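Structure representation (structure tokens):
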């Protein structure tokens with residue numbers, strides 16, 4: 156059994172909703188996502204900004220209430236769970252945020268930020284809490300004397316470590332990493348990524364690693380899912396994605412990753428136009444207006460996510476396993 | 046000193062309990078604010094120790110001493126029932142202040158609670174409560190107060206209620222707005238993901254975030270509450286007329302304005318002074334806690 160199974164998850168944000176105004180439509184931030192995450196793996200989730208990847212991460216944890224679907228975590232549907240039970244369940248699943256400035260309460264000491272989960276779940280109090288927090292600070296590369304300081308006394312990278320320690324405090328199994336390195340300097344990015352990998356091995360953690368940076372995801376992920384306009388368009392093992400990407404969107408994304416080797420010439424696929432509005436997404440395959448391989452069928456029928464051998468899923472009429480065009 | 050200043054520029058988001066000490070220092074340097082605070086403190090002190098410093102019983106009627114002029118035994122003279130004006134003014138501070146402060150506490154607590162709940166939960170609760178408050182807001186305050194006092198009859202609790210009631214929508218709106226923006230902070234989301242209950246988040250995360258606007262608003266509305274009490278007393282809807290309040294004394298002195306103007310002038314002066322003092326203090330608090338507003342008012346000079 157997978158640790159986490161997501162079935163047809165949807166989150167539509169209503170537009171122009173009010174007491175007297177009629178519902179004018181919805182932003183389909185997450186629109187029918189199916190995913191499984193195995194225990195101990197890192198699943199990378201990549202997409203442009205606004206494609207719904209952060210919303211997906213937060214909807215899984217029910218930090219945003221989904222519109223529909225199922226999230227089965229350790230055999231239990233989180234979406235059908237009453238609040239009280241869900242609060243206990245939150246011990247098992249945590250989140251690390253993108254912005255290390257906004258994600259720490261400026262009015263609380265580091266020790267209280269990291270130890271809050273311990274108190275909420277009554278895991279440790281007083282002296283035991285202090286000891287456990289100091290242990291956590293050591294684990295993420297901070298020191299004991301940081302316990303009584305305030306977040307504004309730290310750099311971005313250190314703050315991100317505090318955020319990681321807070322997530323680890325309750326001994327979670329699954330952590331959503333919501334662009335944890337996107338706002339850090341490149342030199343600090345590597346440190347944080349190595350820390351996350353180290354912790355994964357030590358504590359047998361499972362990650363959903365959200366990023367718009369394919370380079371970062373390549374390094375840390377076992378499998379990678381590509382998201383476009385609220386849907387998963389391709390999913391495969393990390394190597395497969397980078398070497399045998401099928402979906403035209405994935406290939407365009409990959410061609411945008413800079414390669415340090417100047418002698419290697421590569422084909423640059425430049426996408427035309429902007430990401431369409433998720434309020435009124437294109438018919439059929441939502442990618443068809445920007446796709447240079449589109450066929451007659453593409454704007455009529457939505458391609459399902461179909462699998463090649465080895466769990467390589469592609470949602471495309473032209474490059475999918477069952478060609479229809 | 047220099048390094049400290051540099052640090053402030055480099056980390057604009059820094060905010061820790063030490064900033065309250067900095068606010069305190071800023072307040073001490075604010076001339077008008079200190080003037081207001083001095084007046085407010087003085088009047089508060091007088092109200093607190095009224096029985097110790099008042100030379101006469103403020104309610105005691107002396108038919109053989111009516112309309113006495115200023116003298117060594119009656120510093121400000123006596124009124125139409127022979128009561129000592131000075132003693133009545135001192136006791137008046139007590140009742141006027143008590144009503145004003147309790148009314149402000151009442152509207153602060155209710156307004157803040159409504160603002161926190163509507164801002165945090167949104168949805169139907171928000172719609173219903175805020176529309177109710179809109180109705181309250183649209184209703185002229187004095188008219189509403191007159192209406193309620195006419196129905197339930199004037200008494201101290203009724204006065205506190207009607208004075209506080211009119212200010213609730215203002216508090217609720219400001220707190221609600223602050224909560225709507227504060228709850229978007231990722232550290233609030235983080236608290237939820239750790240499994241915090243809603244009440245824990247409201248108390249520990251959102252209330253501290255809205256404490257500055259609450260403090261500004263309540264300090265400014267104290268002056269307003271005192272004028273409201275004076276106005277209602279002046280209109281004859283205040284407390285029992287034998288009890289001394291500044292508004293009530295102003296009204297009682299009205300008919301004798303030509304012959305004995307001091308009966309109305311002294312309570313009027315005190316009301317003016319108290320309002321001035323509280324407003325000056327409130328303005329200073331606002332300038333310190335909300336520097337952006339200062340730069341707007343003074344044409345960006347502070348920026």
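Chains as they are written, first to last, in this note's numbering: chain A, 156 to 480; chain B, 46 to 348. Where is the CB? At the ideal position from N, CA and C, for every residue including glycine. Please read these numbers as outputs of a predicted model, since none were measured by experiment.
Extent of the continuous alpha helix (DSSP H) to which residue i belongs
i	result
residue 243/A	238-244
residue 163/A	Element bounds for residue 163/A: not the alpha helix (DSSP H) but the beta strand (DSSP E), 159-169.
residue 165/B	130-166
residue 430/A	Per DSSP, residue 430/A belongs to no alpha helix (DSSP H) and is neither H nor E.
residue 183/A	No alpha helix (DSSP H) holds residue 183/A; the beta strand (DSSP E) holding it covers 181-192.
residue 315/A	311-323
residue 232/B	231-238
residue 341/A	341-358
residue 246/B	243-246
Residue i versus residue j: straight-line alpha-carbon distance, rounded
i	j	result
residue 279/A	residue 270/A	8 Å
residue 305/A	residue 258/B	23 Å
residue 340/A	residue 256/B	35 Å
residue 169/B	residue 175/B	10 Å
residue 212/A	residue 223/A	15 Å
residue 358/A	residue 292/A	15 Å
residue 334/B	residue 260/B	9 Å
residue 479/A	residue 471/A	9 Å
residue 228/A	residue 331/A	13 Å
residue 95/B	residue 250/B	41 Å
residue 324/A	residue 379/A	27 Å
residue 233/B	residue 225/B	12 Å
residue 221/A	residue 234/A	8 Å
residue 116/B	residue 307/B	13 Å
residue 210/A	residue 315/A	20 Å
residue 136/B	residue 103/B	7 Å
Any C-beta of chain B under 9 Å from that of residue i
i	result
residue 325/A	yes
residue 246/A	yes
residue 254/A	yes
residue 243/A	yes
residue 318/A	yes
residue 213/A	yes
First and last residue of the uninterrupted beta strand (DSSP E) at residue i
i	result
residue 362/A	361-366
residue 379/A	378-383
residue 197/A	197-201
residue 457/A	Run containing residue 457/A: none; DSSP gives neither H nor E here.
residue 389/A	386-392
residue 295/A	Per DSSP, residue 295/A belongs to no beta strand (DSSP E) and is neither H nor E.
residue 311/B	Counting along the chain, residue 311/B falls outside any beta strand (DSSP E), though it belongs to the alpha helix (DSSP H) covering 307-334.
residue 156/A	Unbroken run through residue 156/A: none, as it is neither H nor E.
residue 249/A	248-251
residue 333/A	329-333
Any C-beta of chain A under 9 Å from that of residue i
i	result
residue 68/B	no
residue 334/B	no
residue 234/B	yes
residue 307/B	no
residue 245/B	yes
Closer than 8 Å at the beta carbon, the chain B residues around residue i
i	result
residue 249/A	238, 239
residue 366/A	Per Cβ cutoff of 8 Å: no residues; residue 366/A is ~17 Å from chain B at best.
residue 272/A	239, 240
residue 314/A	None at all; the shortest Cβ gap to chain B is about 11 Å.
Within chain A, the residues that residue i reaches when beta carbons sit closer than 7 Å
i	result
residue 253/B	262
residue 217/B	In chain order: nothing, as chain A lies at least about 17 Å away.
residue 231/B	252, 254, 257, 258
Under 8 Å from the C-beta of residue i: neighbouring residues of chain A
i	result
residue 182/B	None at all; the shortest Cβ gap to chain A is about 17 Å.
residue 250/B	260
Under 7 Å by beta carbon: chain B residues contacting residue i
i	result
residue 275/A	239, 240, 241
residue 218/A	234, 237, 238
Beta-carbon neighbours of residue i, restricted to chain B and to distances below 9 Å
i	result
residue 321/A	235, 239
field: Touching by the beta-carbon criterion (3+ pairs, under 8 Å), the region 278-292 of chain A and the region 314-330 of chain A
entry: yes
- request: Please determine if the region 427-434 of chain A and the region 455-464 of chain A are in contact, where contact requires at least 3 C-beta pairs separated by less than 8 Å.
  value: No, because fewer than three Cβ pairs between the region 427-434 of chain A and the region 455-464 of chain A fall closer than 8 Å, the two stretches do not touch.
query: If you pair each beta-carbon of the region 204-212 of chain B with each one of the region 147-155 of chain B, do three or more pairs fall below 8 Å?
result: yes
query: Per the contact definition of three or more C-beta pairs closer than 8 Å, is the region 231-250 of chain B in contact with the region 179-199 of chain B?
result: no
query: Is the number of C-beta pairs between the region 183-200 of chain A and the region 382-389 of chain A that are closer than 8 Å three or more?
result: yes
message: Tell me whether the region 186-198 of chain A and the region 248-264 of chain A touch, counting them as touching only if at least three CB pairs, one residue from each stretch, are closer than 8 Å.
response: Contact between the region 186-198 of chain A and the region 248-264 of chain A is absent, because fewer than three Cβ pairs lie under 8 Å.
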